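So for the sequence shown, the working numbering puts the first residue at 8; every next one is plus one. No residue lacks a Cβ here, since even glycine has one placed at the ideal position from N, Cα and C. Bear in mind the structure is a predicted one, so any value in this text is a computation, not a measurement.
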Amino acid sequence: MTNPTYIVLSDLTNRFFFLYGTYAVINRLYGGKGAGRPTGLTLADSKDILGYGRSGGVPLLEYLDEIGFTRRNGNKRVLNT
8 MTNPTYIVLS DLTNRFFFLY GTYAVINRLY GGKGAGRPTG LTLADSKDIL GYGRSGGVPL
68 LEYLDEIGFT RRNGNKRVLN T
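Put into structure tokens, the structure is as follows:
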């Protein structure tokens with residue numbers, strides 16, 4: 008039987024969907040890199056870390072801000088601790 012964690016989708020916008028399991032990976036990758044940059048990560052940094060282009064990265068970063076994982080500070084995202 009398939010684990011439902013990997014088939015349930017989260018609607019970020021009307022156009023983008025990410026598997027819930029993706030958030031654990033984002034937390035590990037983004038959180039690890041972000042901890043070494045207390046001034047924050049740019050969209051370009053996020054693209055390098057997460058592999059999403061601008062069209063997928065912006066909605067994802069806005070969602071991470073919305074749930075309190077990050078907060079926007081100018082053009083950077085700072086991890087909330």
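Open item on the list: Below 8 Å on the Cβ atoms is my contact criterion, and I expect Thr77 with Val85 to pass it. Report the Cβ-Cβ distance as a whole number of Å.
Closed with: Along the sequence shown, one-based indexing puts residue 77 at 70. Along the sequence shown, one-based indexing puts residue 85 at 78. About 6 Å separates the two Cβ atoms, so the contact holds.
- [ ] Would you list, in sequence order, the uninterrupted alpha helix (DSSP H) runs of no fewer than 4 residues that lie entirely inside the region 19-71?
- [x] 27-42, 50-57
Task: Cβ pair Thr49, Lys83 closer than 8 Å - done: Locating residue 49 in the sequence shown gives position 42, counting from the first residue. Locating residue 83 in the sequence shown gives position 76, counting from the first residue. For Thr49 and Lys83, yes; Cβs fall inside 8 Å.
Task: Other residues of its chain near Pro11: CB distance less than 6 Å, five sequence neighbours each side excluded - done: Within the sequence shown, residue 11 is the residue found at index 4, counting from 1. In this predicted model, Pro11 has a pLDDT of only 45, less than 50, meaning its place in the structure is not dependable enough to derive any value.
Open item on the list: I want to check one thing, is the minimum distance from the CB of Pro45 to the heavy atoms of the ligand GDP below 7 Å?
Closed with: Among the ligands in the structure shown, none appear at all, so the ligand GDP cannot be discussed.
Task: Sequence-distant residues of its chain with Cβ nearer than 6 Å to Tyr37 (five each side left out) - done: For this step, residue 37 is matched to residue 30 along the sequence shown. Excluding sequence neighbours, Tyr37 sits near Ile56.
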